[in-house]
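Have a look at the structure below, then the notes.
Residue numbers (the working numbering): 1 to 895.
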């Protein structure tokens, strides 16, 4: 290889490497251009030397000395080599300048042709193909190097110029790639075989020529056949693809044309290219008339310019957040000129560089009409609620005066006839109040404004409470009240108030319509799963009975079996309807069976969840919790923080009964001050107190050094999960619910004090002795107290009826004083004060066993934030007022 040939190979090779890396700017691109130009200039000067005979003294660059002419140009690059490098250098220069792709591919192809001819000269020993003189020949390795170099130059940018066909996926590209290698290899091979056959004398020249011609014919025919087969296969595949595309297009057209929504597609020129059947029906125009036209016919004149500008802006929007990508309301125009509302969603699609905009349109005329109808219905509903509120107020106001004045008049001296008439006035007033309350309840249920609350409660206690409330009425009629609840769950989670209300509706009807015999209340477990229980409450009586065909209508509002029933027994006919709605809200159903003259059986089912807390369990001993508490911890000093005087008196009495020493305070600040003084075995804190609540006080007390392990118990009527979490966070040890159940209170105190070890078991005193009831007549009179669980009350006072009566009177006195404040808070309205007062009063009522009053207070408190009108608050307020007045009159009559 000549020195300059090696130099040109090196320069062209580096330039080719740089070109293959895709250089865009910078010194590397300049270096590539410089190298390419240098190769072209060096080869060009060498070619000029061969043509003109001029010697530029450039053939010894690599340090080879000597007389060039004397050596006959032995060191000079051959003319064919020089021509090839001129072509390669020029092509690389154009490639660096990114110009004339077709011209540079011609240059690279010319170099490749020269190199191939030189290689063939060596193959067939034809010197004229690779040499122009004694020393000016192309070496074989130089020819091979030029073939590789020129081929690499051609393939470095195969997607430009003539080579696009070679690398394309078309049929032509596939045929070239398959047949081109054969075309380059086979003919030279045939000639080479002929040449050597003639030289060796294997075949005469004529026979060798005929053999080569035959081989070329066979090769050419085979290549043509192969090309035809390949083209036919590709054509078959193309037809299959076109058929699949046609089917897909047909499916897409079918989907678009059968779509419920109108689909309109426009191009960048705002011309419609697709208008489906739904669009034809929506606008009253045919697809043929709309294709190629603009949107002017579909939009009102006032919206056309705005819509066009929005589409143009959408076309150039590059961010992911698209202005028109979301649904937006527009106005359309039908063929008859009618305007109508449309909900439109527009999306952008680019196909082969062309933008299209697809609009999904939906006629929302009916939706707007429905919305207007709903709005009108809401207005009517509000009007109805306003009317009910007004009528409720108009009825309740005089009723309140009637019931209140009757209560005041009952305190005066009256003869038997006057008291009898006064009681009839009171009964009639309360009956009318009950009817109004039922009407408001059913209205609230039908309006979907009644919600089911969730809290852990004792299901059996609710049933006992219902029996207690109905016991006086049943006893006055000489009826036997039977309770059965074997196998039913006790500690569950649900809405105890609504469950009690449904039970009372059934039990009240049974007692009302039964003149002799018995009424049985039964609680049955129907089903159980991981989430909870399905329970069935049923009431069976020996009353007047009902004809079976009339049972179904009893659960409709304002329905009773006979018109004479209403006149004889009274009632609004709403109780069963309310029970049905409540049962359905609690996931259950209702039903009944009856025979005239043989009594009736009414039932409802409800789903209750498993309780989230543990039900308090009694101490595992023959002694009660109170007896154990006295035995183990007599004399222990207790700090009691309770703001309500009745609740405070009850708690002090219960703690005194078991020999505990009690210090009382009325708010959290006083509790903290007493706690700092120390000396207490336990603190019992009400959660809601003035100045500072129990939770805040517990946080401060727990931080005191001497209170690190001293028990602090929460004393509250709201032992819900949120309350528990707040108490735990404040460092409280446990919880005691209101109304207080003595043995539950004693059990909680016993557990807390045992854990701390305030007094050792051997330091206690004797067990308490149950009190002996010295006034059996007064105890018997307690049974007649309306809405009061007298058995619970006597358990609070260790069987002392006078002490229980004193607690009841104190509760009524304080609650009457709170009524004025409650009325003022409701009138403002002041939600926070109303809730605080209701909670305060409910705790007091529940603590003394006034469960009916406590239930009404609880119902009022649970729905303070959900009043729909003034009538709702008035109804709850009248229930509370009526309960207090009835209890006050009953206490006045006690001997």
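The beta carbon of each residue, even a glycine, is placed where N, CA and C say it ideally should be.
Check, Outcome
"Roughly how many whole angstroms lie between the Cα atoms of residue 819 and residue 882?", "11 Å"
"Quick check on DSSP: helix, strand or coil for residue 188?", "helix"
"With DSSP collapsed to three states, give me the class of residue 912.", "What the structure shows of the chain is the stretch from 1 to 895, and residue 912 is not part of that stretch, so it cannot be assessed."
"In three-state DSSP terms, what is residue 254?", "helix"
"Taking the straight line between their C-alpha atoms, what separation do you get for residue 656 and residue 636?", "11 Å"
"Can you tell me whether residue 143 is helix, strand or coil according to DSSP?", "helix"
"Starting from the C-beta of residue 774, find all residues in its chain whose C-beta is less than 8 Å away, skip the five residues before and the five after it, and write them out in chain order.", "Residue confidence is low: residue 774 scores 42 on pLDDT, short of 50, so the model does not pin down where it sits. No coordinate-derived value is stated."
"List, from N- to C-terminal side, the alpha helix (DSSP H) runs of 4 residues or more that fit wholly inside the stretch 482-547.", "496-512"
"Note down, in chain order, each residue of its chain lying with its Cβ closer than 6 Å to the Cβ of residue 754, except the 5 sequence neighbours on either side.", "none"
"With a 10 Å radius around its C-beta and 16 neighbouring C-beta atoms as the bar for buried, classify residue 323 as buried or exposed.", "Residue placement at residue 323 is poorly supported in this model, since its pLDDT is 46, which falls under 50; the coordinates still yield a value, given next. Answer is exposed; the Cβ neighbour count stays below 16."
"Going by other Cβ atoms of all chains shown within 10 Å of its Cβ, with 16 needed for buried, is residue 247 buried or exposed?", "exposed"
"Could you tell me which of 218, 221, 613 and 366 sits nearest to residue 456, measuring between CA atoms?", "613"
"Can you give me the C-alpha to C-alpha distance between residue 33 and residue 45, rounded to a whole angstrom?", "18 Å"
"Can you tell me whether residue 2 is helix, strand or coil according to DSSP?", "coil"
"Okay, do the stretch 852-859 and the stretch 699-711 touch, 3+ Cβ pairs below 8 Å being the bar?", "no"
"For residue 85, which residues from the same chain have a beta carbon less than 6 Å from its beta carbon, with the 5 sequence-adjacent residues on both sides left out?", "8, 39 and 43"
"For residue 664 and residue 887, I'd like the C-alpha separation in whole angstroms.", "28 Å"
"I'd like to know if the stretch 102-115 and the stretch 75-92 are in contact, where contact means that at least 3 CB-CB pairs between them fall below 8 Å.", "yes"
"Can you list, in chain order, the residues of its chain with a C-beta nearer than 7 Å to that of residue 28? Leave out the 5 residues immediately preceding and following it.", "18"
"At a threshold of 8 Å, does residue 433 count as lining the ligand MN (C-beta to nearest heavy atom)?", "With respect to small molecules bound, the structure shown includes none, and the ligand MN cannot be examined in it."
"Locate the alpha helix (DSSP H) running through residue 713, then write down its first and last residues.", "It is not in any alpha helix (DSSP H) - residue 713 instead sits in the beta strand (DSSP E) that spans 712-716."
"What residue from 274, 259, 683 and 734 has the CA that sits closest to residue 265's CA?", "274"
"Can you tell me which of 651, 178 and 173 puts its alpha carbon nearest to the alpha carbon of residue 807?", "651"
"Taking the alpha-carbon positions, what's the residue 600 to residue 540 distance?", "6 Å"
"Classify residue 482 as buried or exposed, calling it buried when 16 or more other Cβ atoms lie within 10 Å of its own Cβ.", "exposed"
"Quick one: residues in its chain with C-beta nearer than 8 Å to the C-beta of residue 785, no 5 flanking neighbours on either side, listed in chain order?", "472, 808, 887, 890 and 891"
"State the Cα-Cα distance for the pair residue 173 and residue 181, rounded to the nearest angstrom.", "13 Å"
"Do you know offhand how far residue 15's Cα is from residue 4's?", "16 Å"
"Please name the residue, chosen from 545, 335 and 787, that lies closest to residue 285 on a Cα-to-Cα basis.", "335"
"Alpha carbon to alpha carbon, what distance is there between residue 213 and residue 196?", "16 Å"
"Under the assumption that residue 139 contacts residue 115 (Cβ atoms under 8 Å), give the Cβ distance between them as a whole number of angstroms.", "Going by Cβ atoms, the distance from residue 139 to residue 115 rounds to 11 Å, so no, they are not a contact pair."
"Is there contact between the stretch 234-246 and the stretch 329-347, where contact requires at least three CB pairs shorter than 8 Å?", "no"
"If distances are taken between C-alpha atoms only, which option among 519, 469 and 513 comes closest to residue 480?", "519"
"For residue 30, tell me which candidate among 97, 59, 79 and 420 has the shortest Cα-Cα distance.", "97"
"Just confirm the distance between the C-beta atoms of residue 897 and residue 257, as a whole number of angstroms; I'd bet it's less than 8 Å.", "Residue 897 cannot be examined here, being either before or after the span of the chain that is shown, 1 to 895."
"Determine the direct distance from the alpha carbon of residue 21 to that of residue 198, and round the result to whole angstroms.", "49 Å"
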